[in-house]
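First comes the structure, then the notes that go with it.
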């Protein structure tokens with residue numbers, strides 16, 4: 003009996019130590035956030051919780067600050083684990099460099115359970131839209147820079163094995179941005195609280211709004227933000243349609259400003275900057291003197307944009323908005339680093355490690371510069 007018990011314990015420990023043809027690590031899974039609600043018949047169920055996958059490198063060198071990876075619309079934390087061509091994803095890249103990684107499925111997406119009363123209004127991307135915007139934009143020419151796209155691993159259309167893997171990993175999304183952002187802010191705050199030490203937040207696309215909101219809610223526990231083609235531009239959508247959006251600038255729900263605002267439509271006075279190029283979007287900023295993003299002032303932010311993405315039209319405007327609001331924002335336009343041909347899903351494309359290397363170097367430089375006032379940061383090294 004004693005021997006059998008040891009075998010069971012050994013097997014359980016082995017199950018948590020993973021290699022998956024990548025960097026050895028320990029894997030834990032848990033949920034944060036959510037609440038119990040009473041159903042119509044008096045029973046209770048839970049809603050709003052978020053799935054979290056925690057990957058910790060098995061090696062002796064652990065970086066000071068974990069990275070929380072936040073996916074985009076209709077996606078899940080799987081995006082960071084494995085690329086659709088079967089190559090290791092960014093989670094493995096950063097694990098190999100000593101970073102703890104937390105991968106989330108935002109509320110009501112992926113492995114975070116659906117609400118007890120699922121809404122009928124769900125958002126999804128068709129195969130046609132996915133090809134047009136993400137995997138084969140060069141075949142459609144919906145924006146000028148699309149012709150430069152060369153880095154998707156495969157044909158980028160339905161029936162191609164890599165595309166089929168990519169599309170199969172998507173899911174539906176509740177089509178209510180204020181609901182999405184409100185629930186995500188709550189669960190991300192709960193995750194940062196549970197970790198209990200400073201973190202780096204890295205988000206893609208629609209997850210960009212969650213990035214700003216989580217940092218706003220827990221500024222004392224967020225060291226830096228990495229925004230991969232974040233939701234934007236401020237105040238007005240540019241692609242696929244031009245329309246008013248994001249009344250708080252880069253979010254649809256309240257975020258702290260200084261001086262405070264009550265009604266964003268009244269208090270955030272806008273100033274339209276008309277583009278002199280058909281390749282770039284118009285840019286709506288605050289009129290001067292601009293209010294500051296109270297909890298993000300001086301927070302280091304890296305915005306990353308692919309050369310061939312539709313975000314090349316307007317991410318520069320999101321960066322200008324952040325700078326105007328007092329944020330320490332830097333824009334990495336990949337072609338300026340001789341990294342060319344990338345679309346919206348830069349972390350899935352053939353040169354994704356080169357892009358991850360740029361981010362790792364930025365983090366290392368930033369956090370080692372804090373070494374004199376934050377001894378934890380001294381653990382960082384340049385990669």
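In this note's numbering, the protein residues as written are 3 to 385. For every residue, glycine included, the Cβ atom is placed at its ideal position computed from N, Cα and C.
Exercise. DSSP puts residue 46 in a beta bridge; with which residues?
Worked result: Start at 1 with the first residue of the chain shown, and residue 46 comes out as number 44. Residue 46 pairs with 40.
Exercise. Okay, do the stretch 60–68 and the stretch 94–106 touch, 3+ Cβ pairs below 8 Å being the bar?
Worked result: yes
Problem set entry | Range covered by the alpha helix (DSSP H) that runs through residue 85 | By one-based count along the chain shown, residue 85 stands at place 83. First-last for residue 85: undefined, no H or E at that position.
For this session: Compute the Euclidean distance between the alpha carbons of residue 315 and residue 79, then round it to the nearest angstrom.
Result: In the chain shown, the residue the question calls residue 315 occupies position 313. In the chain shown, the residue the question calls residue 79 occupies position 77. If you take the alpha carbons of residue 315 and residue 79, they lie about 27 Å apart.
Problem set entry | Unbroken alpha helix (DSSP H) run spanning residue 331, endpoints | Taking the first residue of the chain shown as 1, we reach residue 331 at position 329. Looking at the DSSP string, residue 331 is not in any alpha helix (DSSP H); the run it does join, the beta strand (DSSP E), is 330–335.
Exercise. What is the C-beta distance between residue 362 and residue 305, in whole angstroms, given that I count them as a contact (C-beta under 8 Å)?
Worked result: Translated into positions along the chain shown, residue 362 becomes position 360. Translated into positions along the chain shown, residue 305 becomes position 303. The pair is not a contact, with the Cβ atoms about 16 Å apart (cut-off 8 Å).
For this session: Give every residue of the same chain whose Cβ lies closer than 6 Å to the Cβ of residue 260, excluding the five residues on either side of it in the sequence, and list them in chain order.
Result: In the chain shown, the residue the question calls residue 260 occupies position 258. Result list for residue 260: 294 and 296, in chain order.
Problem set entry | residue 369 versus residue 224 - alpha carbon distance | Your numbering for residue 369 matches position 367 in the chain shown. Your numbering for residue 224 matches position 222 in the chain shown. Taking the straight line joining both Cα atoms gives about 12 Å.
Exercise. In chain order, what residues of the same chain have a beta carbon less than 6 Å from the beta carbon of residue 155, not counting five sequence neighbours either side?
Worked result: Here residue 155 corresponds to residue number 153 of the chain shown, with the count starting at 1. Taking residue 155 as the centre and dropping the five residues before and after it, the same chain places the C-beta of 87, 164 and 352 closer than 6 Å to its C-beta, in chain order.
Exercise. DSSP puts residue 274 in a beta bridge; with which residues?
Worked result: Position 272 of the chain shown, counting from 1, holds the residue named residue 274. Looking at the DSSP output, residue 274 bridges to 286.
Exercise. Considering residue 229, what are the terminal residues of the beta strand (DSSP E) in which it resides?
Worked result: Within the chain shown, numbered from 1, the residue matching residue 229 stands at position 227. 224–230 is the extent of the beta strand (DSSP E) around residue 229.
Problem set entry | Given 8 Å, three or more beta-carbon pairs between the stretch 323–330 and the stretch 163–182 | no
For this session: Identify, in the order they occur along the chain, each residue of the same chain with its Cβ nearer than 8 Å to the Cβ of residue 247, setting aside the five sequence neighbours on each side.
Result: Within the chain shown, the letter at position 245 stands for residue 247. Correct list, in chain order: 237, 238, 239 and 254.
Problem set entry | Under 9 Å between C-beta atoms of residue 34 and residue 57 | Indexing the chain shown from 1 puts residue 34 at position 32. Indexing the chain shown from 1 puts residue 57 at position 55. It is not a contact, given that the beta carbons lie outside the stated cut-off.
Exercise. How many Å lie between residue 136 and residue 339 at the Cα?
Worked result: Position 134 of the chain shown holds residue 136. Position 337 of the chain shown holds residue 339. Spanning the two alpha carbons is a distance of roughly 21 Å.
Exercise. Hey, how far is the Cα of residue 181 from the Cα of residue 50?
Worked result: Working through the chain shown from its first residue, we reach residue 181 at position 179. Working through the chain shown from its first residue, we reach residue 50 at position 48. Their backbone Cα atoms lie some 11 Å apart in a straight line.
Problem set entry | Whole runs of the alpha helix (DSSP H) within the stretch 169–211, excluding any shorter than 4 residues | 179–197
For this session: With a cut-off of 8 Å on the beta carbons, I'd call residue 347 and residue 91 a contact; round off their distance for me.
Result: Translated into positions along the chain shown, residue 347 becomes position 345. Translated into positions along the chain shown, residue 91 becomes position 89. Not quite, the Cβ-Cβ distance comes to about 11 Å (not below 8 Å), so this is no contact.
Exercise. Among 159, 201 and 344, which one has its Cα closest to the Cα of residue 357?
Worked result: Taking the chain shown and counting its residues from 1, one reaches residue 357 at position 355. Of the candidates 159, 201 and 344, the one whose C-alpha sits nearest the C-alpha of residue 357 is 344.
For this session: Reducing DSSP to helix, strand and coil, say where residue 102 ends up.
Result: Here residue 102 refers to the residue found at position 100 of the chain shown. Residue 102 falls in the coil class under three-state DSSP.
Exercise. Do three or more CB pairs link the stretch 181–201 to the stretch 273–286 at distances below 8 Å?
Worked result: no
Exercise. By DSSP, does residue 295 sit in helix, in strand, or in coil?
Worked result: The residue you call residue 295 lines up with position 293 of the chain shown. DSSP places residue 295 in strand when its eight states are reduced to three.
For this session: Answer with yes or no whether the minimum CB distance from residue 80 to chain D is below 9 Å.
Result: Note that chain D does not occur in the displayed structure, where there is just one protein chain.
Exercise. Expressed to the nearest angstrom, what Euclidean distance is found between the alpha-carbon atoms of residue 371 and residue 317?
Worked result: By 1-based counting over the chain shown, the position of residue 371 is 369. By 1-based counting over the chain shown, the position of residue 317 is 315. Their Cα atoms are separated by approximately 26 Å.
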